[in-house]
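Okay, so the sequence shown: first residue is 9 according to the numbering used here, each after it adds one.
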Amino acid sequence: MSSTFDVKKFVSERDNVLIAPAGFGKTHTISECLKHTEGRQLILTHTQAGVASIKDKLKRNSIDKEKYSVETISGFIQKYVFSFDNSNTIPRIDYDQKVFYNYLTDKALEIFSLKLVQDIVKISYSGLFVDEYQDCNLKQHGLVLILADILPTHVLGDPLQGIFGFNGSTLVDLEDPLQMGRFMATYKLETPYRWIIGQNEILGNDIITIRNSLIAKKEIDLLQFPSIEFRRGAYRDSGNYAYIMDLFSKNKSVLVIHPITNPIQQISYRQNFVASFSYIPILIESLDNVDFYNWAKHFDNKTKPLDALLSEFITSQFSNLANWYNKDTKKFKKKIDQIEEGKLIDIKNIYTELQLNYSLVKAKEFILKVKNLDGVNCARRDLLNSMLVSIENAHYSEITVLEAMQNYRNTIRKMGRKLYGKCIGTTLLTKGLEFDVVVVLDADKFKDPRNLYVAISRCSKRLIVLSENSKLNPYK
Numbered sequence: 009m010s011s012t013f014d015v016k017k018f019v020s021e022r023d024n025v026l027i028a029p030a031g032f033g034k035t036h037t038i039s040e041c042l043k044h045t046e047g048r049q050l051i052l053t054h055t056q057a058g059v060a061s062i063k064d065k066l067k068r069n070s071i072d073k074e075k076y077s078v079e080t081i082s083g084f085i086q087k088y089v090f091s092f093d094n095s096n097t098i099p100r101i102d103y104d105q106k107v108f109y110n111y112l113t114d115k116a117l118e119i120f121s122l123k124l125v126q127d128i129v130k131i132s133y134s135g136l137f138v139d140e141y142q143d144c145n146l147k148q149h150g151l152v153l154i155l156a157d158i159l160p161t162h163v164l165g166d167p168l169q170g171i172f173g174f175n176g177s178t179l180v181d182l183e184d185p186l187q188m189g190r191f192m193a194t195y196k197l198e199t200p201y202r203w204i205i206g207q208n209e210i211l212g213n214d215i216i217t218i219r220n221s222l223i224a225k226k227e228i229d230l231l232q233f234p235s236i237e238f239r240r241g242a243y244r245d246s247g248n249y250a251y252i253m254d255l256f257s258k259n260k261s262v263l264v265i266h267p268i269t270n271p272i273q274q275i276s277y278r279q280n281f282v283a284s285f286s287y288i289p290i291l292i293e294s295l296d297n298v299d300f301y302n303w304a305k306h307f308d309n310k311t312k313p314l315d316a317l318l319s320e321f322i323t324s325q326f327s328n329l330a331n332w333y334n335k336d337t338k339k340f341k342k343k344i345d346q347i348e349e350g351k352l353i354d355i356k357n358i359y360t361e362l363q364l365n366y367s368l369v370k371a372k373e374f375i376l377k378v379k380n381l382d383g384v385n386c387a388r389r390d391l392l393n394s395m396l397v398s399i400e401n402a403h404y405s406e407i408t409v410l411e412a413m414q415n416y417r418n419t420i421r422k423m424g425r426k427l428y429g430k431c432i433g434t435t436l437l438t439k440g441l442e443f444d445v446v447v448v449l450d451a452d453k454f455k456d457p458r459n460l461y462v463a464i465s466r467c468s469k470r471l472i473v474l475s476e477n478s479k480l481n482p483y484k
């Protein structure tokens with residue numbers, strides 16, 4: 009941490025804020041703070057990836073697990089609302105996520121105002137840290153103010169990384185004294201540790217320079233930064249394609265980010281990217297992607313024959329299936345090669361059986377066998393694995409597939425989701441993460457300086473930017 013930052017003084021004060029650009033050691037600071045606190049600290053953030061990142065840092069710094077509890081703000085709220093509210097009045101997340109989350113936050117504001125609940129919080133925790141505070145909307149900010157009356161509270165964030173303003177909600181302004189009120193005791197971190205540790209301090213300094221230009225709303229000319237590897241064009245261009253494939257083959261930690269945020273375009277674009285690169289990168293999905301819940305509901309709706317539903321599922325989720333299955337006739341092909349035909353015997357038998365009997369166990373077996381056919385691939389592996397787990401849990405727990413899916417996704421929500429290796433995602437899904445190598449696609453399509461900054465600051469060693477133009481103006 010910066011020599012100007014006093015950890016002991018920071019944690020000794022009851023309410024304050026720490027401002028730190030990306031890569032300046034905010035998560036490490038939380039870890040250091042816990043060395044100077046008593047009792048169990050509640051640590052809240054916004055994403056499952058953030059939860060996993062904080063837990064990983066605390067573990068690496070040998071912080072006793074009894075000293076902290078790390079949760080998403082949403083998960084923390086849900087735990088109390090589901091415990092103290094009538095479950096019949098809570099909207100279903102699979103119907104309308106906006107209504108669901110607005111209801112939870114509104115109800116949480118009521119619940120945490122109750123003395124009984126406040127007493128429970130006091131007994132459970134000795135202090136509160138809220139990370140990525142720039143992503144709190146005003147209602148969440150109001151909730152933190154209530155918690156700050158109960159617990160010593162420290163908030164950490166960066167104004168240039170506030171990108172979670174969903175559904176028209178207004179984000180808190182870390183630099184507004186009227187909004188921040190009691191949190192105006194401000195500390196700052198000043199050293200770009202991410203790039204120092206990554207042994208590319210020049211890259212870190214260039215990203216700081218770009219940050220200052222973004223704040224000033226100036227044009228960014230990538231050619232002025234030799235530490236950034238600028239490549240003109242799209243990933244499909246032959247030279248760029250070979251370059252990215254080489255990055256995947258030679259590096260263990262690679263993140264690809266693209267600026268498309270429309271849900272339908274987002275999934276289609278990323279699926280195509282994964283397929284283009286031989287299914288090497290993992291497609292990062294939103295935890296509450298509506299497709300997960302919709303598919304679960306399809307398997308609960310027994311008005312459609314299970315074999316027909318499975319046909320729809322495998323043709324939409326698996327690629328390179330045409331060698332084995334005719335989606336028009338909804339039948340598996342007759343293979344001349346006896347080895348290939350042998351691989352289809354069990355599948356055909358299960359498929360026939362499912363036309364007569366509705367069996368979730370057999371449905372899972374069928375999907376797995378199709379998945380393992382030679383050449384068959386799936387770009388949306390998270391969706392596929394979640395469906396397989398939920399189908400099995402629904403059978404053995406005697407609940408609906410939708411309930412099993414909700415339970416499974418909530419488990420991930422509570423435990424956090426560690427993302428590493430070779431991935432493709434968006435700024436919303438990767439904020440707070442760090443990869444050795446980051447490739448930013450279509451950088452000229454960013455229309456918001458905060459999203460561009462989040463994208464370029466995920467790297468620790470190398471940054472590759474693809475764009476039709478080397479000059480970027482990410483301002484609406």
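Even for Gly, the Cβ is constructed at its ideal location relative to N, Cα and C.
Check: What separation, rounded to the nearest whole angstrom, lies between the Cα atoms of E293 and T199?
Finding: 32 Å
Notebook entry, point to check: Which of the three DSSP states, helix, strand or coil, is assigned to I27?
Noted result: strand
Item checked: Continuous alpha helix (DSSP H) assignments of at least 4 residues falling wholly in the region 122 to 186 -> 123 to 132 and 146 to 156
Notebook entry, point to check: Which word fits N94, buried or exposed, when buried means at least 16 other C-beta atoms lie within 10 angstroms of its C-beta?
Noted result: exposed
Checklist line | Cβ-Cβ distance between V264 and V447 below 8 Å | finding: yes
Notebook entry, point to check: Quick one: is F90 buried, meaning 16 or more other Cβ sit within 10 Å of its Cβ, or exposed?
Noted result: exposed
Notebook entry, point to check: Among the residues of its own chain, which have a CB less than 7 Å from the CB of N459, if the five just before and after it don't count?
Noted result: I171, P267 and T435
Notebook entry, point to check: At which residues does the alpha helix (DSSP H) containing V378 begin and terminate?
Noted result: L368 to K379
Item checked: 7 Å Cβ shell around N259 - same chain, five flanking residues per side excluded -> D444 and V445
Checklist line | Cβ-based burial, Y141 [other Cβ within 10 Å; buried from 16] | finding: buried
Checklist line | Whole-angstrom distance between E118 and I154, CA atom to CA atom | finding: 10 Å
Check: What is the residue span of the beta strand (DSSP E) that Y76 lies within?
Finding: Y76 to T80
Next item on the list: Leaving aside the five residues before and after S261 along the sequence, list all residues of the same chain whose C-beta is less than 6 Å from its C-beta, in chain order.
Entry: F443 and D444
Checklist line | Segment limits, beta strand (DSSP E) that includes N209 | finding: It should be noted that the sequence gives Glu, not Asn, for residue 209. Note, E209: premise wrong, no beta strand (DSSP E); alpha helix (DSSP H) at E209 to I223.
Next item on the list: Report, in whole angstroms, the separation of the C-beta atoms of V138 and I158, which I expect to be a contact under 8 Å.
Entry: V138 to I158, Cβ: 13 Å. No contact.
Margin query: By the three-class DSSP mapping on this structure, what secondary structure does N459 have?
Written below: helix
Checklist line | 8 Å Cβ cutoff met for G33 and L197 | finding: yes
Notebook entry, point to check: From G424 to I101, what distance separates their C-alpha atoms?
Noted result: 19 Å
Notebook entry, point to check: Straight-line CA distance for L391 to N302?
Noted result: 11 Å
Next item on the list: Name the two residues that bound the continuous alpha helix (DSSP H) containing Q49.
Entry: It is not in any alpha helix (DSSP H) - Q49 instead sits in the beta strand (DSSP E) that spans Q49 to T53.
Check: K430 and T55: beta carbons closer than 8 Å?
Finding: no
Margin query: Are the CB atoms of T113 and T80 within a distance shorter than 8 Å?
Written below: no
Next item on the list: Taking D64 as part of the alpha helix (DSSP H), name the residues at either end of that continuous run.
Entry: Q56 to R68
Next item on the list: Determine, using beta-carbon pairs with one atom in the region 448 to 458 and one in the region 316 to 335, whether at least three such pairs fall under 8 Å.
Entry: no
Notebook entry, point to check: If you follow the alpha helix (DSSP H) that L317 is part of, which residue opens it and which one closes it?
Noted result: L314 to Q325
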